[in-house]
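Structure first, then comments.
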Amino acid sequence: MCGICGKIYLDRQRPVEPHALERMARQLERRGPDDAGLRVSANAGIASTRLAIIDVPGGHMPLSNEDGTVWVVFNGEIYNFHRLRERLERAGHRFATSSDTEVIVHLYEEEGDDFVRSLNGMFALAVWDERRRRLLLARDQLGVKPLYYAELPDRFLFGSELKALLADGVERRIDLVALHDYLGLNYVPGPRSIVAGIRKLLPGHRLTLDLDRGVPAIDRFWDVPRPAPRVSARRPTGELERELLELLREVVRDQMISDVPLGAFLSGGVDSSLIVALMSEVSEQPVRTFSIGFKERSFDELDYARLVADRFGTEHHELVLEPRAHELVAAVADYFDEPFADSSALAVYAVAELAASHVKVALSGEGGDEVFGGYYTYQADRLAALYRRLPSLVGRRLLPALVELLPASDQKASFDFKLKRFVAGGALPPLPAHYTWKAFLDEDAKRRLYRPALGNPLVDCGDAPVRPTLELFRRVYDGYPGPDVLNRLLYVDLQVQLVDDMLTKVDRMSMAHSLEVRVPLLDPRLVEHMAELPSDLKVWGLSLKYLLKRAAARVLPREILTRRKAGFHVPIAKWLKGELADLVDEQLGPRTLVRQGVFDPKLVGELLTAHRSGRRDHSRNIWSLLMFGLWYDRYAQPLA
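In this text, residue positions in the sequence shown follow this note's numbering: the first is 125, and each later residue adds one.
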């Protein structure tokens, strides 16, 4: 894992300053503490910081071809680089190192821009073609690795994290569309970033900048295949189960390549447990596993993790998180350079810290819910088809009024929380319902929160009016046509929530500890395989991850397959009323809110009062406002 960045002046006579590149790269040191390098060629410069995993002594970057006409910086791992190297050597290419980075250099020489289609891995990369004075950026198929860019009047910038671009003096003006989306989702979905003018390159996309034209061109080189089911939607056969399990074995084996110590996150859920089981089949040493737990029983999963660790004889390490909420929140807020309010980031930060004290690489189970159908919302999608048949008076008025009377609970995924969320969207069409179950603040609530001086958020935000966040989901949904509604909803989650919530969380929290995390369940071969199957093989009735669990039953204990889905949560509702109450008062008090000038102090105060009285559970919205405020004080400037 590494950090990459670059700067290109559009004026060919203006040389890039090496110290400017160094300043950008310093923001990425935690991504790559082992090595650093830069390459400047007149008006173009690229730089990297390196976490050495493959070819530890020989993988210095930037790396070039034999005559110095093609230079590469690269963040990630290419799992099929051995096979690609053999192919390139047969074609006459000569290699000076054993690194996967050099494969990228020669593959570009051999195949041109289409070389990215041959890569199986997680990557964000930049290729500078000296002869053509041309830059190519590319991001992996599923967006495991981040890549930001900014097209400015005098220069083009790119980097692994937003803070690298800010280090070159980009104006820190908040993108109001991104802010609006953040308040609905608790993360900023691409292609926008929270800073106006800085964009995220979307997964499976590449960007080319030809200095003769001076305008970047972006195109898509990979997408999830359109559903073309090979089997009817019936109970899966043993052949389907065996086929999936063998593919999983192949993927896990490929992702265990490493020249440094390697382990796995283990929550005790199906995804992480299956990865550990398959790792143990091929590892010559006990797999090193890492788990965290909580004193609050409804949030603790250590018993399941221990069961798996014992079954497969792992070298198991675990940590029970003591109440150190202030320390965790400060650390997380320091590292996220965009507002981010998925509270499970605190847990990922802690388990990454634990793992980094023993290994440099860890495998994790991200992507299992989106690829195999594991979210509770997919059960809700099935149930909503029945709910919509209720008389309008019952479904839209009576039941919503009744469930609002249920008292709020601090327990994880409590019954009242799930029921209230379901009823809020149950009577809506499939996509709006699905969005409602994913969203935290509706459009009216978001608009009421903005400070009066800001006015209605449907104002100038640089280049587009603020639109309802649902429209972002709709564009993705409409771009994946077909009769299988649930498969289309899975696609939306794969393109939006997975990329900018789940993968962002794991990338930033692992990189905070210079730990590389790999995600086998997002291997494009697996994603393509599952995309071709009907959704009934993912969610059968109300049974989540149906085919995956059938396949996993061949290797996992029954207790893991039949346990309730938990997720990687922390007891935020309890912390906000207890240990974090003083931080909430300070950060969301009138003085701070007036100084920041974004949210209405009166309405935020009413939100806090309702939450603390127990009338409503606003913990998720309070957490969202708190994390925005902490981000603002670290990274932002006042709105113009």
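Note that CB positions come from ideal geometry on N, CA and C, so glycine has one too.
Cβ neighbours of Phe239 in the same chain (closer than 6 Å, five flanking residues each side left out)
These residues qualify, in order along the chain: Leu231 and Tyr232.
Ignoring anything shorter than 3 residues or poking outside the stretch 223 to 254, list the beta strand (DSSP E) runs there in chain order.
Those beta strand (DSSP E) runs which fall completely within the stretch 223 to 254 and span 3+ residues are 245 to 253.
Look at the Cβ atom of Tyr272, then the Cβ atom of Phe280, and state whether they are nearer than 9 Å.
Judged by their CB atoms, Tyr272 and Phe280 are not nearer to each other than the 9 Å cut-off.
Distance between Tyr670 and Ala357 (C-alpha atoms, nearest Å):
Per-residue confidence for Ala357 stands at a pLDDT of 49, beneath the threshold of 50, marking its modelled position as unreliable; the derived number appears in the next sentence. For Ala357 and Tyr670, the distance between alpha carbons rounds to 12 Å.
Extent of the continuous beta strand (DSSP E) to which Tyr133 belongs:
Taken as a continuous stretch (DSSP letters only), the beta strand (DSSP E) holding Tyr133 covers Cys126 to Tyr133.
Completely contained alpha helix (DSSP H) runs for the stretch 626 to 652, where each covers 4 or more residues
Whole alpha helix (DSSP H) segments, 4+ residues: 628 to 635.
I'd like to know if the stretch 316 to 332 and the stretch 257 to 265 are in contact, where contact means that at least 3 CB-CB pairs between them fall below 8 Å.
Yes, the stretch 316 to 332 is in contact with the stretch 257 to 265.
Assuming Asn199 is part of the beta strand (DSSP E), what are its boundary residues?
Note, Asn199: beta strand (DSSP E), Val194 to Ile202.
Pick helix, strand or coil for Arg682, following the three-state DSSP scheme.
Arg682: helix per DSSP, three-state reduction.
Kindly identify the DSSP beta-bridge partner or partners of Val384.
In the DSSP output, where bridge partners are listed per residue, Val384 has none listed.
Rounded to the nearest angstrom, how far is the Cβ of Asn199 from that of Gly245, given a contact under 8 Å?
About 11 Å separates the two Cβ atoms, so there is no contact after all.
Asp135 Cβ short of 8 Å to the ligand NAD heavy atom set:
Absent from the structure shown: the ligand NAD. Ligands present: none.
C-beta neighbour in chain C for Glu213, strict 9 Å
Among the protein chains of the structure shown there is no chain C, as only one such chain exists.
Using C-beta distances below 7 Å, list every residue in its chain close to Asp625, excluding the 5 sequence neighbours before and after it, in chain order.
Sequence-distant Cβ neighbours of Asp625 in its own chain, meaning closer than 7 Å and more than five residues away, are Tyr311 and Asp466.
To the nearest angstrom, how far is it from the Cα of Gly606 to the Cα of Pro658?
Taken atom to atom, the span from the alpha-carbon of Gly606 to that of Pro658 is near 11 Å.
Are the CB atoms of Val485 and Ser382 within a distance shorter than 9 Å?
Yes, they are a contact pair.
On the three-state DSSP scale, how would you describe Asn580?
Here Asn580 scores only 38 on pLDDT, less than 50, and its place in the model is too uncertain to base an answer on.
Closest to Phe345 by C-alpha separation, out of Asp237, Phe723 and Leu452, would be which residue?
Distances from the alpha-carbon of Phe345 to those of Asp237, Phe723 and Leu452 put Asp237 closest.
Buried or exposed (CB count within 10 angstroms, at least 16 for buried), Glu235
Answer is exposed; the Cβ neighbour count stays below 16.
In or out: Leu510 buried (at least 16 other Cβ within 10 Å) or exposed?
When all chains shown are included, Leu510 counts as exposed.
Considering only the beta carbon of each residue, do Asp407 and Ser391 sit closer than 9 Å?
Per the sequence shown, the amino acid found at residue 407 is Ser instead of Asp. In this structure, Ser407 sits away from Ser391, with a CB-CB distance that is not shorter than 9 Å.
Sort Leu249, Pro186, Ile399 and Asn167 by Cα distance to Asp647 and report the nearest one.
Its Cα nearest to that of Asp647, the residue Ile399 stands out among Leu249, Pro186, Ile399 and Asn167.
Give me the Cα-Cα distance between Lys673 and Leu573, rounded to the nearest whole angstrom.
Each residue's alpha carbon lies about 43 Å from the other.
According to DSSP, which residues form a beta bridge with Trp747?
Bridge partners of Trp747: none, in fact.
What whole-angstrom Cβ distance do Leu371 and Arg649 have, given they're in contact under 8 Å?
The Cβ separation is near 6 Å, so the contact holds.
For the putative contact between Val609 and Pro556, defined by C-beta atoms under 8 Å, what is the C-beta separation to the nearest angstrom?
That belief does not hold up - the Cβ atoms of Val609 and Pro556 are roughly 12 Å apart, past 8 Å.
Where do the ends of the beta strand (DSSP E) carrying Ser172 lie?
Residues Ala168 to Arg174.
Give a yes or no on contact between the stretch 692 to 712 and the stretch 745 to 755, applying the rule of three or more CB pairs nearer than 8 Å.
A contact exists between the stretch 692 to 712 and the stretch 745 to 755.
Which residue marks the beginning of the alpha helix (DSSP H) containing Ala474, and which one marks its end?
Counting along the chain, the alpha helix (DSSP H) containing Ala474 begins and ends at Ala469 to Ala480.
Classification of Asp493 by the beta-carbon crowding that lies within 10 angstroms, buried from 16 upward:
Using a 10 angstroms sphere on the CB of Asp493, the tally of other CB atoms reaches 16 or more, which defines it as buried.
Which residue from Arg138, Gln137 and Lys131 puts its Cα closest to that of Arg147?
Considering only alpha carbons, the answer is Lys131.
Spatial distance of Ala341 from Leu134 (CA atoms):
One C-alpha to the other measures close to 15 Å.
Close-in-space but distant-in-sequence residues of the same chain around Ala171 (CB under 8 Å, 5 per side omitted)
Excluding sequence neighbours, Ala171 sits near Ile128, Cys129, Gly130, Leu145, Glu146, Met148, Ala149, Ala160, Gly161, Leu162, Arg163, Pro186 and Val197.
Which residue from Asp461, Ala469, Ala480 and Leu645 puts its Cα closest to that of Ile696?
Checking every option, the nearest Cα to that of Ile696 belongs to Ala469.
Using a threshold of 9 Å, state whether the C-beta atoms of Met635 and Arg154 are closer than that.
If you check the CB distance, Met635 and Arg154 come in under 9 Å.
Skipping 5 residues on each side, what residues in its chain have a beta carbon closer than 8 Å to that of Leu791?
Because the chain is modelled from 125 through 764, residue 791 falls outside the range shown and cannot be assessed.
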